[in-house]
Structure formats: C-alpha cells, structure tokens
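For the sequence shown, my numbering assigns the number 4 to the initial residue and increments by one for each residue that follows.
See below for the structure under consideration.
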Amino acid sequence: MNYDLSPLVLTFKLASITTFILVIIGIPLAWWIAFSKNRFRYVIEALVTMPLVLPPTVLGFYLIIFLGPVSPIGSFLQHFFDLWLVFTFAGLVIGSIIFNLPFMVNPIKAGFESVPVSLIEAAYTLGKSKKEILFKVLLPNIKPALLTGVVMAFVHTIGEFGVVLMIG
Numbered sequence: 004m005n006y007d008l009s010p011l012v013l014t015f016k017l018a019s020i021t022t023f024i025l026v027i028i029g030i031p032l033a034w035w036i037a038f039s040k041n042r043f044r045y046v047i048e049a050l051v052t053m054p055l056v057l058p059p060t061v062l063g064f065y066l067i068i069f070l071g072p073v074s075p076i077g078s079f080l081q082h083f084f085d086l087w088l089v090f091t092f093a094g095l096v097i098g099s100i101i102f103n104l105p106f107m108v109n110p111i112k113a114g115f116e117s118v119p120v121s122l123i124e125a126a127y128t129l130g131k132s133k134k135e136i137l138f139k140v141l142l143p144n145i146k147p148a149l150l151t152g153v154v155m156a157f158v159h160t161i162g163e164f165g166v167v168l169m170i171g
C-alpha cells in the first residue's frame with residue numbers, strides 16, 4: 004500500500020513556519036501589550052484577540068477579499084512584487100499567522116504580566132537595557148508561558164481547517 008504523505012508534510016511545514024514566525028512576532032508584541040502605557044494598547048490587544056471570536060471561514064473570506072488581486076493590497080503586491088497571496092503557500096502562512104496570533108501572544112503576555120515588577124525594577128537599577136531585561140530577566144522567567152504559546156500555536160495550526168480551506 005502506498006500512502007500519499009504530502010498533505011501531512013505540508014501541514015507540518017505550515018505549522019513549523021507559522022510557529023517560528025509567531026515566536027518572532029509574538030514576543031515583542033506581547034511585551035508591548037503587557038508593558039505599554041500607550042492608549043492604543045487596548046485597541047491592538049483587541050485586534051490581536053479578534054481571531055478567537057471570528058469563525059475561521061469568515062476570517063479566511065476576509066483575507067481573500069483583502070489579499071485578492073482586485074483589492075488594493077493584492078493588486079499592489081501583484082503589480083510591484085509579482086506576488087500572489089491567495090491560493091498559495093505564502094497566503095496560507097499569512098492566514099495561519101493571523102489566525103493563530105492570539106494563541107501565541109496571550110500566554111506570553113500573561114507570562115510577562117506575572118513577573119514581579121520588583122524584579123524588572125531591580126534590573127533597571129543595575130543598569131540593564133530593555134533588551135537585556137527582555138532576554139536575561141523576562142524570557143527565562145516565563146518559560147512555561149513561552150512553551151504554552153509555542154505548543155498552542157503549532158497544534159492549532161495543525162488542527163485549523165477553515166482559513167486553510169478558504170485561502171488554500
């Protein structure tokens with residue numbers, strides 16, 4: 004018996020790429036949401052969380068509309084970069100990133116918020132930069148939250164069908 008494993012390979016490739024990109028995007032975004040005093044913080048947080056309440060097929064349909072060749076974004080990308088996003092793997096990655104963003108950002112944000120403020124203030128008094136505090140104080144102290152975000156994003160990408168059906 005010969006089995007076609009290409010759908011499985013494609014699924015794990017999509018999940019791996021999506022999770023990798025979400026780690027890169029999710030950590031700074033979660034940090035900004037957790038510690039920012041900006042008044043637009045709540046708007047960004049709501050936008051990040053929005054895929055949790057939108058049905059996957061609706062989100063996929065909106066992405067087709069916004070990224071399609073007749074939309075301003077889609078026509079710009081097609082005209083200047085010869086880049087098609089609808090019904091391509093790149094489009095699948097973008098859709099998966101948008102749909103899985105809250106599954107990465109929310110646990111990491113909660114992890115950042117659970118770190119005692121006194122620990123961060125102590126690092127500042129020792130002359131540490133924001134970058135040093137992020138990499139040497141915050142991230143080591145939120146390993147469980149990071150792991151939760153990575154696992155949730157990866158597994159949710161594997162299980163997601165609606166966005167993939169619409170865009171792919």
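All C-beta atoms in this analysis are idealised placements derived from N, C-alpha and C, irrespective of residue type, glycine included.
Residue i, DSSP secondary structure in three states
i	result
L8	coil
R44	helix
W35	helix
V61	helix
I145	coil
P110	helix
K131	coil
V26	helix
G71	coil
F83	helix
V158	helix
T21	helix
P138	According to the sequence as given, residue 138 is Phe; it is not Pro. Correct three-state label for F138: helix.
Cβ neighbour criterion (16 or more within 10 Å) applied to residue i
i	result
G162	exposed
S39	exposed
K112	buried
T128	exposed
R123	In the sequence on display, residue 123 carries Ile and not Arg. I123 comes out buried.
L66	buried
G130	exposed
T60	exposed
V167	buried
Neighbourhood of residue i by C-beta distance below 6 Å, restricted to the same chain and skipping five residues each side
i	result
T151	P110
M107	L25, G29, G152 and A156
G77	L70 and G71
L86	L80
Contact check, residue i vs residue j, beta carbons under 8 Å
i	j	result
E35	L137	Per the sequence presented here, residue 35 reads as Trp, with Glu not at that position. No. Outside cutoff.
L88	L70	yes
A156	T14	no
I145	V118	yes
P105	L55	yes
L11	S99	no
A49	E116	no
L149	F102	no
P75	Q81	no
L32	V46	no
Chain-order list of residues whose beta-carbon lies under 8 Å from that of residue i (same chain, five-residue window excluded)
i	result
K139	A126 and K131
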